[in-house]
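Numbering of the sequence shown is given in the numbering used here, commencing with residue -3 and proceeding in unit increments.
Beta carbons are placed, not taken as given, at the ideal position from N, Cα and C, and that holds for glycine.
Here is the structure we will look at.
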Amino acid sequence: MADNREKALDGPGRLDFPRPLTTVDVVIFIVREGVLQVLLIQRPTDENEPFPAAWALPGGFVDTGRDADLQSCAVRKLKDKTGVVSPYLEQLGSWGSATRDPRGWSATHAYFALLPAAPLASAGAADARWFPVGTGKGKLKLAFDHAEILEAAIQRLRSKVEYTSLPAYLMPPEFTLPDLQRVYEIVLDRPLEKSAFRTRMLAADLIEPVARMRKGPSRPAQLYRLKKTKSPIYFARTFNPPT
């Protein structure tokens, strides 16, 4: 006999049981002012809202009429806050429990995105700010379980940067090799050896020179751009940690 919590509603295939709140949250990273930063939004100040005025990751409820799947919802939420589509979006994981949201049993599906700049051009961005990604005592206190989600995204990003070209998605259209190395170092939070980095980037068929040089106080530097690739490049080995 079927569980009495699963009664047909309005025809076959429909079940009568409590459904969890379903949301999608997006961890949006950029490199800004020389540090890795994440976009946060301030929640409404209404006391009836959970975590009023607290900072949280961008996201919201799945719209079954507009979102074909979870990634479509993530793309929509990202564009609502930045006005752009990220060149890189990856599903991070799912979090769910009876206690993460005081409004009821809820589950969120988290993504992380990389942006080459810091746009906040959309009309819904008035409550949004970029925050440096801290560690230890500098960790941000966020609504719901978003601090845990953010930490998972940081660890996933840093882990994948060890053996992929992910930082390339944080670069402007044209850049020098030292620019690219600096972004790698910012994300990894440690220095890399210059000659080994240069050799790896040029051998990876990731970048190509442009017909311009960057002029500065010292000798001109060659400018590069990314070759068009549909997915990150994977290296045969990780970057060696400092000795």
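- With respect to the C-alpha of Tyr159, the residue from Ile145, Trp91 and Met197 having the closest C-alpha is Met197.
- The three-state reading of DSSP puts Tyr159 in coil, since its state is none of H, G, I, E or B.
- Within the stretch 154 to 218, the runs of beta strand (DSSP E) at least 3 residues long that lie entirely inside it are, in chain order, 203 to 210.
- Inter-residue distance for Phe127 and Asp12 is about 43 Å (C-alpha atoms, whole angstroms).
- Annotation: the stretch 28 to 116 contains the following complete segments of the beta strand (DSSP E) (minimum length 3 residues), in chain order: 31 to 38, 55 to 57, 84 to 93 and 102 to 110.
- The beta carbons of Val183 and Pro163 sit about 6 Å from each other, so the pair counts as a contact at 8 Å.
- Note that the C-beta distance between Leu66 and Pro54 is not below 8 Å.
- Looking from the CA of Glu189, the closest CA among Thr60, Phe235 and Lys224 belongs to Phe235.
- The three-state reading of DSSP puts Arg125 in strand, counting E and B together.
- Taking Ala139 as the centre and dropping the five residues before and after it, the same chain places the C-beta of Arg39, Pro46, Phe47, Ala50, Trp51 and Ala52 closer than 8 Å to its C-beta, in chain order.
- With fewer than 16 other Cβ atoms inside 10 Å of its own Cβ, Glu144 counts as exposed.
- Here Ile26 has Gln33, Leu111 and Ala114 as same chain residues with Cβ atoms under 6 Å from its own Cβ, once five neighbours each way along the sequence are excluded.
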